[in-house]
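Quick notes on the structure that follows.
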Amino acid sequence: PPRAGGRRPVAFGNELGGAQGIAAHLPPEQYARELLELRAILEATWPERPPLLLAPDTNFDAEWFGAFLANVFANSSAEDNFNASQPQRPPLDYVTHHMYPLGAGDDAELRIRAVDPKKLDLSAERLKLVQ
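Residue 117 in our numbering sits at position 121 of the sequence shown, with consecutive numbering throughout.
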């Protein structure tokens, strides 16, 4: 697995949020609450160098993502979720999402679309929808 500064990442969830979740469709408030619980566990287990926390790792839904991020940052607390001897860390190290702008992996035109900056720009525009 990739490492950043010698720390392994921990991803929380896989397509669990939003209307397009595969098996579970967790509301953003629950997902945020459980993410903060995981952050507290990681901080308690590895107080010196906790793993990086990546989430939500789900299909992009602007409304769901906006509510999720609002809940994560509104409900995080340095006293409750972080080791006070360390500088305060954000409740989430990386925001991740699944993006499928290129279509199915078996498409003969995939290589051409993969290097088309317009396709990647569409994903960047989608992220601007989060409020």
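Glycine is no exception: its CB is placed at the ideal position from the N, C-alpha and C atoms.
Owing to the predicted nature of the structure, the values given are computational and were not obtained by experimental measurement.
Check: Is the number of C-beta pairs between the region 109 to 122 and the region 47 to 55 that are closer than 8 Å three or more?
Finding: no
Margin query: Extract the residue ranges of the alpha helix (DSSP H) inside the region 16 to 41, only unbroken runs of 4 or more that lie entirely within it.
Written below: Restricted to the region 16 to 41, the alpha helix (DSSP H) segments that are unbroken, complete and at least 4 residues in length are 24 to 41, listed in chain order.
Next item on the list: Measuring alpha carbon to alpha carbon, tell me which of W42, A40 and L31 ends up nearest L65.
Entry: L31
Notebook entry, point to check: Taking DSSP as the reference, what is the three-state secondary structure of P47?
Noted result: coil
Item checked: Residue burial classification, R3 (beta-carbon count within 10 angstroms, cutoff 16) -> exposed
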